[in-house]
Amino acid sequence: SSLHASKGDTVSLSCTFASTSTPTSKMTVDWSYKPQTGGPTHTFFHFSSQVFPPKDPQFAGRVRWQGRPAHGDVSISLINATLNDNGTYTCSVRNPPDVHGSTNSHIVLTVTPKVRGIHFTDVAVLLAFVLLPSGVITLLLIGRILCPRKERSQSKAYRSPIELIER
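Residue numbering for the sequence shown follows this note's numbering, starting at 13 and increasing by one per position.
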């Protein structure tokens, strides 16, 4: 399967297995990584009754065990994904004496740079509430000066009773 993430995300690398035997202390889980750029595949995470955290500098301190072997789940999370994490991740489960139930799961991870979103700061909001109304009012005033309204014609103008008598 393939998985896409942004730089800095926490990525869940899912792996499930089915076995004819109940998971025991002899069950082992290995997660390996092959870089997208090529190179050898190497194991970076191991579980056998307990977690053996990665010593590889690329993954040290960034892998969290999410698995629940009794439920057939041996997933991990990769914290703070980097562009160097692009590649193929393989989960391998062995649960002796079950020789037919071993599982290999492949995940192709693609990490892309994070797209910067628009963040409204206090200054931006203040500018929007001050400059936008000021600009609208300025445009209205300029329009009023450049395009004066026609005066009402005298015939339609209201005449007071005094004006009518003076005629």
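Glycine included, every Cβ here is placed at the ideal spot set by N, Cα and C.
- Taking one beta carbon from each stretch, the region 77–97 and the region 23–36 have 3 or more pairs nearer than 8 Å; the two touch.
- Going by beta carbons, D42 and T55 fall inside the 8 Å limit.
- In the three-state reduction of the DSSP assignment, F71 falls in the coil class.
- When DSSP reads this structure, T150 sits in no beta bridge, so it has no partner.
- Contact annotation: N92 and Q48 have beta-carbon atoms that are not nearer than 8 Å.
- Note on V123: 16 or more other CB atoms within 10 angstroms of its CB, so buried under the neighbour-count rule.
- Spanning the alpha carbons of A136 and T150 requires a straight line of approximately 20 Å.
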